[in-house]
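**Student:**
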Amino acid sequence: MRFRRTTERVAKARQVFYVFPDAVEAVRKFRNCALLTHQFVNSCKERQYNG
1 MRFRRTTERV AKARQVFYVF PDAVEAVRKF RNCALLTHQF VNSCKERQYN
51 G
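Position 7 of the sequence shown, counted from 1, bears residue number 7 in UniProt numbering, the numbering being contiguous throughout.
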């Protein structure tokens, strides 16, 4: 019983371990995209102010 519970826990941990890098990569891409969008909006605003 204890052994089965341990293997379940290991399986769960392994699942998290596999999903985690994907999540980190997704967050990094999202941040990068948000940053680019922010820069683009700022440049558009500057262009409007400058005529």
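Positions of the beta carbon are idealized from the N, C-alpha and C atoms, including for glycine. Since the model is a prediction, treat every value here as computed from it, not as a measurement.
1. Give the range of the alpha helix (DSSP H) segment to which N32 is assigned.
2. Within its chain, find whatever has a CB closer than 8 angstroms to the CB of Y18; leave out the 5 residues flanking it on each side and keep chain order.
3. Just the C-alpha distance for H38 and C44, rounded to the nearest angstrom, thanks.
**Tutor:** So, from the data block:
1. Here the question's residue 32 lines up with position 32 in the sequence shown. Start and end: 2-49.
2. In the sequence shown, residue 18 corresponds to position 18, counting from 1. No residues qualify anywhere along the chain.
3. Within the sequence shown, numbered from 1, the residue matching residue 38 stands at position 38. Within the sequence shown, numbered from 1, the residue matching residue 44 stands at position 44. When rounded, the distance between both Cα atoms is 10 angstroms.
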